[in-house]
Structures are given as C-alpha cells and as structure tokens.
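Engineer: Residues in the sequence shown are numbered consecutively from 125, following this note's numbering.
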Amino acid sequence: MFKKRYDYRETLLRSSRDMVSMVDLETLSNNLVRTVSTALGIEKASLFLFEEIKESLSLKTSIGLRSDQLKKSVLLRDDPLVQRLTKKPETFVREELGMAHHGQEEKNLAEAMGQLEAEVTLPLMSKEKLIGILNLGHKEGREMYSHEDLEVLSALTNQAAIAIENARLYENLKQSQSIIRRADRLSSLGMLTAGLAHEIRNPLVAIRTFTQLLPERYQEAEFRNSFQAVALKEVDRICSLINDLLNFARPSTPNVSAEDINEIVESIVRILETEAKEKEVQIYRRLATGLPKIFIDKEQIKQVSMNLILNALQSIEGRGVVEVSTRLFAKNHFEQYIQIGIRDSGVGIPERDVENIFTPFFTTKKDGSGLGLSISHQMVQEHGGYIVVESQVGRGTTFFINLPIRPPSQQEAKDRPQVHEEDSGR
Numbered sequence: 125m126f127k128k129r130y131d132y133r134e135t136l137l138r139s140s141r142d143m144v145s146m147v148d149l150e151t152l153s154n155n156l157v158r159t160v161s162t163a164l165g166i167e168k169a170s171l172f173l174f175e176e177i178k179e180s181l182s183l184k185t186s187i188g189l190r191s192d193q194l195k196k197s198v199l200l201r202d203d204p205l206v207q208r209l210t211k212k213p214e215t216f217v218r219e220e221l222g223m224a225h226h227g228q229e230e231k232n233l234a235e236a237m238g239q240l241e242a243e244v245t246l247p248l249m250s251k252e253k254l255i256g257i258l259n260l261g262h263k264e265g266r267e268m269y270s271h272e273d274l275e276v277l278s279a280l281t282n283q284a285a286i287a288i289e290n291a292r293l294y295e296n297l298k299q300s301q302s303i304i305r306r307a308d309r310l311s312s313l314g315m316l317t318a319g320l321a322h323e324i325r326n327p328l329v330a331i332r333t334f335t336q337l338l339p340e341r342y343q344e345a346e347f348r349n350s351f352q353a354v355a356l357k358e359v360d361r362i363c364s365l366i367n368d369l370l371n372f373a374r375p376s377t378p379n380v381s382a383e384d385i386n387e388i389v390e391s392i393v394r395i396l397e398t399e400a401k402e403k404e405v406q407i408y409r410r411l412a413t414g415l416p417k418i419f420i421d422k423e424q425i426k427q428v429s430m431n432l433i434l435n436a437l438q439s440i441e442g443r444g445v446v447e448v449s450t451r452l453f454a455k456n457h458f459e460q461y462i463q464i465g466i467r468d469s470g471v472g473i474p475e476r477d478v479e480n481i482f483t484p485f486f487t488t489k490k491d492g493s494g495l496g497l498s499i500s501h502q503m504v505q506e507h508g509g510y511i512v513v514e515s516q517v518g519r520g521t522t523f524f525i526n527l528p529i530r531p532p533s534q535q536e537a538k539d540r541p542q543v544h545e546e547d548s549g550r
C-alpha cells in the first residue's frame with residue numbers, strides 16, 4: 125500500500141514538473157486530466173476553463189464521460205459551484221457536502237457536483253481569480269479519497285493553474301504576432317499600390333508611344349523591328365512584375381518537411397556555378413557538418429537562397445568572391461537556428477539604403493522590380509525566421525538567413541547535442 129501511494133505521488137509530482145514546459149493549452153489540459161485519472165484510478169473526470177469572452181467556464185476535456193452523461197458543458201457565473209469557488213476557493217468532497225447537518229447551500233453544491241458526475245471538485249486559481257474547475261469522479265472500487273489524496277491534488281491544481289495561464293499568455297502572444305504580420309502585409313500592400321502603378325506605367329508609355337507612331341511609320345522595316353522588340357520586352361517586364369506581385373501578395377503557408385539545409389545550398393550553388401565562372405567570380409562553400417534536418421518548405425527556401433546568391437553575383441563588378449556558409453547557433457537556451465550566410469565582395473549597399481532593401485519596389489538595380497528581397501523576407505518570416513544584413517560600400521554585403529529549429533520530440537531532445545554558443549546571428 126505504501127509503495128502504491130508513493131508511486132502515484134511520484135507520478136503526479138513528475139506531471140507537475142512537466143506541465144511547466146507545456147505551451148499548448150489542449151495538450152496541457154489533456155495531460156492534466158489523463159495523468160490524475162491514471163494515477164488515482166479515477167473512472168470519470170472533467171476540466172472546465174474560464175473563457176473571458178463568454179464570461180463562463182466551458183468544458184475543455186473529459187475522461188470516461190459521454191455527452192449524454194454530462195448534464196452541463198458550460199458553467200455560468202450564477203452556477204452554485206462557480207459562485208462559491210469564486211468567493212471562497214476550496215476543495216469540495218460531494219459526500220461530505222451531502223451530510224444531514226449541512227445547510228441548503230451545501231446541498232445545492234452537492235447537487236451541482238452530481239450533475240457533473242463529480243465526487244471531488246478542485247478550483248484552479250490564478251492571481252486570486254477562478255480560471256478553472258477540475259472534477260473527479262469515483263475511484264476504482266469506490267475507494268474514498270484520503271486527506272493525503274486531496275493535499276496532493278490541491279498542490280497539483282495550483283501548479284496546473286500557473287501552467288494554464290502561461291499557455292494562454294503564449295497563445296495570446298502568437299495571436300498578437302499574427303495580427304502584426306497581417307498588419308505588416310497590409311501596410312506592404314499599400315506601398316505596392318503606388319509602386320505597381322509606377323512600374324506598370326513606364327512600359328505602357330513606351331508601348332503607347334510606338335503604337336501612336338505605327339500608322340505613319342509602318343513601312344519602315346527598322347521601325348517595325350524596333351517596335352516588336354520594345355513591345356515584347358515591355359510586355360515580358362509587366363508579366364514578370366505581375367508574377368512577382370502575386371508571389372508577394374498571395375497568403376501562403378509553407379508546405380514543410382524535414383530537409384537537409386546543406387543539400388539545398390549545394391544544389392543552388394551547382395546551378396549558379398556556370399554563371400559565376402562567366403563573371404569570373406569564385407563561389408566558396410563553408411558548410412557545417414552534422415547539422416540537424418529542419419522543417420521547412422524546400423522550394424521556398426531554395427527560392428530565397430537562389431535570389432540572394434544571384435544578388436551577390438550581380439553585385440560584383442569584375443572578379444570577385446561569393447562565400448556561402450551554414451552553421452548552427454543559439455540565441456538563447458530556447459531559440460536555436462540554422463543559419464545560411466551569403467557574403468560577397470561586391471559594391472556594397474549605402475547605409476541609408478540598408479533599412480529599405482526589404483521594402484516593396486525599392487531597388488538599386490536598373491532592371492530590378494524591387495520585389496525579390498521583399499518576397500524572400502516574407503517567405504523567411506512565414507517560417508518563423510528572419511534575415512540580417514551587414515554591408516559596407518566598396519567592401520561587400522553579407523545576408524544571414526536564420527531559420528528556427530522546431531521543438532523536437534523528447535527522444536530527439538535527448539539525442540541532440542547541446543549548443544553552447546550564444547549568438548545574435550549577426
């Protein structure tokens with residue numbers, strides 16, 4: 125008996141420690157109810173959590189209960205249990221509340237617990253506010269809950285309340301970041317409107333001018349040839365611009381799979397080596413070994429890498445060098461990234477322009493649309509990553525693409541070597 129009691133205490137203590145690191149509310153809730161039920165041999169259990177929008181407690185998860193058995197899936201503020209636990213948080217045992225010497229309020233509480241199939245009800249409190257209610261049914265064999273059981277459960281629900289609040293804060297943070305990204309997209313699309321009008325107007329003016337002159341100069345072969353060449357070039361420019369615009373404006377969710385970043389970089393370098401040789405540019409690789417695979421959209425990251433390496437090649441006037449590197453670094457204990465570095469010995473970017481290079485339609489190239497870097501920046505952001513730029517006029521530019529390593533499974537976490545390097549990624 126002592127060993128059994130010790131085992132369940134250890135199980136609940138371990139669960140209490142694990143809950144602190146859980147940031148997904150669904151996983152946390154299921155883990156809490158499942159662990160308590162298994163450790164104590166409880167047949168039925170349910171967890172209700174407070175929802176501010178509804179101003180009520182809604183059923184989050186349950187075990188051993190069919191929907192027709194649970195008479196309530198929402199507990200309003202005027203529910204006897206909610207009212208009492210809000211005023212005076214304490215653990216309720218249904219059998220004790222139903223005793224003859226108790227008053228009507230206690231009997232109402234016992235009846236409310238009965239509707240929830242609960243023998244024990246525990247409040248989850250955070251900053252003196254009721255944020256949830258854990259209901260536990262009969263133990264196997266109808267064994268009574270001991271005083272020790274109730275003490276352990278009370279400690280566990282205190283820890284669970286903290287973990288639930290942390291998970292909610294994390295969820296709110298994610299939603300806030302999503303709103304900021306959407307606002308950033310809308311802001312960018314606003315800039316696109318002005319830039320797009322300008323970029324399309326220029327080729328159309330050229331086509332319009334040639335079209336106006338066509339009737340009177342149609343007989344001139346040289347004019348017809350020039351008209352054809354200019355019209356095709358400007359129409360191709362508009363088509364290319366529209367494709368870039370669609371890639372930028374289209375909301376996209378990366379189609380992720382586990383990929384080797386070095387293989388992606390190698391494939392892009394092989395494609396561009398011929399062009400580099402023609403420009404008398406040497407491409408050097410400095411790829412870290414033993415990098416873990418990361419969950420990315422392979423085609424998107426290929427596109428980003430291709431765009432930035434091409435930019436590096438095009439920035440070099442005459443002979444020069446492009447170095448492509450990969451490495452693993454940690455911003456802190458929780459954030460680990462794989463970094464792709466692309467360094468060139470080109471002309472560099474003026475300091476005043478660096479902060480604008482990801483702005484739609486901003487370009488220093490004569491024939492550039494100014495959308496390539498915007499699209500690359502957006503794709504990396506959609507992976508939860510970021511790009512850092514360092515540049516010096518006359519000495520060259522380095523782009524750092526930082527892609528996060530997704531949280532691994534517990535087994536992967538054990539197998540993965542620890543990273544001790546602290547680095548901002550720059």
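Where a beta carbon is used, it is the ideal one built from N, C-alpha and C, also for glycine.
#1: In whole angstroms, give me the CA-to-CA distance for Ala353 and Asp384.
#2: Grab me the residues of Glu167's own chain with a C-beta within less than 6 Å of its C-beta, minus the 5 sequence neighbours each way, in chain order.
#3: If we define contact as Cβ-Cβ less than 8 Å, is Val389 a contact residue for chain C?
#4: Enumerate in chain order the residues of its own chain whose CB-to-CB distance from Ile418 is below 8 Å, with the five nearest sequence positions on each side excluded.
#5: Classify Arg141 as buried or exposed, calling it buried when 16 or more other Cβ atoms lie within 10 Å of its own Cβ.
#6: Please go through the same chain and pick out, in chain order, the residues whose beta-carbon is closer than 8 Å to the beta-carbon of Glu404, but skip the five residues on each side of it.
#7: When you compare the segment 240-257 with the segment 211-220, are there three or more beta-carbon pairs, one atom per stretch, that lie closer than 8 Å?
#8: Given this structure, state the Cα-to-Cα distance separating Asn282 from Gln239, to the nearest angstrom.
#9: When we look at the beta-carbon of Asp202 and count the other beta-carbons within 10 Å, is it buried (16 or more) or exposed?
#10: Where do the ends of the beta strand (DSSP E) carrying Pro204 lie?
#11: Please list the segments of the alpha helix (DSSP H) lying wholly inside the segment 216-266, counting only runs of 4 or more residues, in order along the chain.
#12: Should Ile177 go down as buried or exposed, given a rule of 16 or more other Cβ atoms within 10 Å for buried?
#13: Near Thr521, which residues of its chain fall below 8 Å by C-beta distance, leaving aside the five closest residues on each side in sequence?
#14: Which residues in the same chain as Glu447 place their Cβ atom closer than 7 Å to its Cβ, once the five residues preceding and following it in sequence are excluded?
#15: Alpha helix (DSSP H) containing Gln343: first to last residue?
#16: Are the beta-carbon atoms of Val144 and Thr185 separated by less than 8 Å?
#17: Taking its Cβ as the centre, do 16 or more other Cβ atoms sit within 10 Å of Ile395, making it buried, or is it exposed?
#18: Around the C-beta of Gln535, are 16 or more other C-beta atoms found within 10 angstroms, so that it is buried, or is it exposed?
#19: Under a Cβ-count criterion, where at least 16 other Cβ atoms within 10 Å of its own Cβ denotes burial, should Asp148 be classed as buried or exposed?
#20: Throw me the rounded Cβ distance for the Gly256 and Ile286 pair, which I believe falls under 8 Å.
#21: For Arg266, which option in Met223, Val276, Glu219, Ser278 has the closest C-alpha, if you only look at C-alpha atoms?
#22: Pull up the distance between the alpha-carbon of Thr135 and that of Phe482, whole angstroms please.
#23: If you check the beta carbons only, do Ser180 and Ser197 fall under 8 Å apart?
#24: Suppose you measure from the CA of Ile525 to the CA of Arg208; what does that come to, to the nearest Å?
#25: Please determine, among Thr413, Val206, His507, Leu248, the residue with the shortest C-alpha to C-alpha distance to Glu423.
#26: Report back the beta-carbon spacing between Ile464 and Thr450 to the nearest angstrom; my notes put them in contact at under 8 Å.
#27: Going by the CB atoms, is the gap between Glu358 and Pro327 shorter than 8 Å?
#28: Can you check which of these residues, Ile420, Ala236, Val478, Val517, is closest to Val504 by C-alpha distance?
#29: Beta strand (DSSP E) containing Val198: first to last residue?
#30: From the DSSP output, in three-state form, read off Leu411 for me.
#31: Leu280 and Ala236 - do their beta-carbons sit closer together than 8 Å?
#32: Between which two residues does the alpha helix (DSSP H) harbouring Lys422 extend?
#33: Between Glu346 and Ile324, what straight-line distance do the alpha-carbon atoms span, to the nearest angstrom?
#34: Please state whether DSSP places Ile177 in a helix, a strand or coil.
#35: Residues bridged to Asp468 by DSSP?
#36: Please determine, among Met430, Val244, Ser500, the residue with the shortest C-alpha to C-alpha distance to His399.
Structural biologist: On the basis of the supplied data:
#1: As a first step, residue 353 is located in the sequence shown; it is residue number 229 there, counting from the start. As a first step, residue 384 is located in the sequence shown; it is residue number 260 there, counting from the start. Approximately 44 Å, taken between the alpha carbons.
#2: As a first step, residue 167 is located in the sequence shown; it is residue number 43 there, counting from the start. Here the set comprises Gly188, Gly261, His262.
#3: Absent from the structure: chain C. Only one protein chain is present.
#4: Counting from one through the sequence shown, the residue named residue 418 turns up at place 294. These residues qualify, in order along the chain: Ala382, Glu383, Ile385, Ile462, Leu527, Pro528, Ile529, Arg530.
#5: What you label residue 141 is simply residue 17 of the sequence shown in a count that begins at 1. Classification of Arg141: exposed, given that the 10 Å Cβ count is below 16.
#6: Counting from one through the sequence shown, the residue named residue 404 turns up at place 280. Contacts found: Gly442, Arg443, Gly444.
#7: Three or more pairs of CB atoms, one per stretch, sit closer than 8 Å, so the segment 240-257 contacts the segment 211-220.
#8: Translated into positions along the sequence shown, residue 282 becomes position 158. Translated into positions along the sequence shown, residue 239 becomes position 115. Using only the alpha carbons, I get a separation of about 24 Å.
#9: Taking the first residue of the sequence shown as 1, we reach residue 202 at position 78. Burial state of Asp202 is exposed, judged by a 10 Å Cβ sphere holding fewer than 16 other Cβ atoms.
#10: Start at 1 with the first residue of the sequence shown, and residue 204 comes out as number 80. First-last for Pro204: 204-211, but that is the alpha helix (DSSP H), not the beta strand (DSSP E).
#11: Listed in chain order, they are 218-221, 228-239.
#12: As a working note, residue 177 is residue 53 in the sequence shown. A residue is called buried once 16 or more other Cβ atoms fall within 10 Å of its Cβ, and Ile177, having fewer, is exposed.
#13: Taking the sequence shown and counting its residues from 1, one reaches residue 521 at position 397. Here Thr521 has Ala436, Ser439, Arg467, Asp468, Gly470, Gly472, Ile473, Val513, Glu514, Ser515 as same chain residues with Cβ atoms under 8 Å from its own Cβ, once five neighbours each way along the sequence are excluded.
#14: Taking the sequence shown and counting its residues from 1, one reaches residue 447 at position 323. So the list reads Tyr408, Arg410, Arg467, once near-sequence residues are dropped.
#15: Residue 343 sits at position 219 when you count from the first residue of the sequence shown. Counting along the chain, Gln343 falls outside any alpha helix (DSSP H), and DSSP gives it neither H nor E.
#16: Here residue 144 refers to the residue found at position 20 when the sequence shown is read from its first residue. Here residue 185 refers to the residue found at position 61 when the sequence shown is read from its first residue. Contact annotation: Val144 and Thr185 have beta-carbon atoms that are not nearer than 8 Å.
#17: What you label residue 395 is simply residue 271 of the sequence shown in a count that begins at 1. Result: exposed.
#18: As a working note, residue 535 is residue 411 in the sequence shown. For Gln535, the pLDDT reaches just 35, beneath the cut-off of 50, and the residue's location in the model is therefore unreliable, although a value from the coordinates is still provided. By the neighbour-count rule (16 or more Cβ atoms within 10 Å), Gln535 is not buried but exposed.
#19: Here residue 148 refers to the residue found at position 24 of the sequence shown. When all chains shown are included, Asp148 counts as exposed.
#20: Position 132 of the sequence shown, counted from the start, is the residue given in the question as residue 256. Position 162 of the sequence shown, counted from the start, is the residue given in the question as residue 286. With a Cβ gap of about 12 Å, Gly256 and Ile286 do not count as contacting.
#21: The residue you call residue 266 lines up with position 142 of the sequence shown. Looking at the Cα atoms, Glu219 is the closest of the given residues.
#22: Position 11 of the sequence shown, counting from 1, holds the residue named residue 135. Position 358 of the sequence shown, counting from 1, holds the residue named residue 482. Taking the Cα positions, Thr135 is about 51 Å away from Phe482.
#23: Position 56 of the sequence shown, counted from the start, is the residue given in the question as residue 180. Position 73 of the sequence shown, counted from the start, is the residue given in the question as residue 197. Taking 8 Å as the cut-off, the beta carbon of Ser180 is found no closer than this to the beta carbon of Ser197.
#24: To locate residue 525, count along the sequence shown from 1; it is residue 401. To locate residue 208, count along the sequence shown from 1; it is residue 84. Using only the alpha carbons, I get a separation of about 55 Å.
#25: What you label residue 423 is simply residue 299 of the sequence shown in a count that begins at 1. In terms of Cα proximity to Glu423, the closest of Thr413, Val206, His507, Leu248 is His507.
#26: Your numbering for residue 464 matches position 340 in the sequence shown. Your numbering for residue 450 matches position 326 in the sequence shown. That belief holds up - the Cβ atoms of Ile464 and Thr450 are roughly 6 Å apart, short of 8 Å.
#27: Mapped onto the sequence shown, residue 327 falls at position 203. Mapped onto the sequence shown, residue 358 falls at position 234. Yes. Within cutoff.
#28: Numbered from its first residue, the sequence shown carries residue 504 at position 380. Closest option to Val504, Cα to Cα, is Ile420.
#29: In the sequence shown, residue 198 corresponds to position 74, counting from 1. Where Val198 is concerned, the enclosing beta strand (DSSP E) stretches over 198-200.
#30: Residue mapping note: residue 411 aligns to position 287 of the sequence shown, counting from 1. Collapsing the DSSP output to three states places Leu411 in a strand.
#31: Reading the sequence shown from its first residue, position 112 is the one you call residue 236. Reading the sequence shown from its first residue, position 156 is the one you call residue 280. At the C-beta level, Ala236 and Leu280 stay beyond 8 Å of one another.
#32: Here the question's residue 422 lines up with position 298 in the sequence shown. Start and end: 422-438.
#33: To locate residue 346, count along the sequence shown from 1; it is residue 222. To locate residue 324, count along the sequence shown from 1; it is residue 200. Glu346 and Ile324: Cα-Cα distance of roughly 26 Å.
#34: For the purposes of this step, residue 177 is taken as residue 53 along the sequence shown, with counting starting at 1. Three-state DSSP puts Ile177 in coil, outside helix and strand.
#35: Start at 1 with the first residue of the sequence shown, and residue 468 comes out as number 344. According to DSSP, which records beta bridges pairwise, Asp468 is partnered with Val446.
#36: Within the sequence shown, residue 399 is the residue found at index 275, counting from 1. Checking the sequence shown, residue 399 turns out to be Glu, not His. Among Met430, Val244, Ser500, the Cα nearest to that of Glu399 is on Met430.
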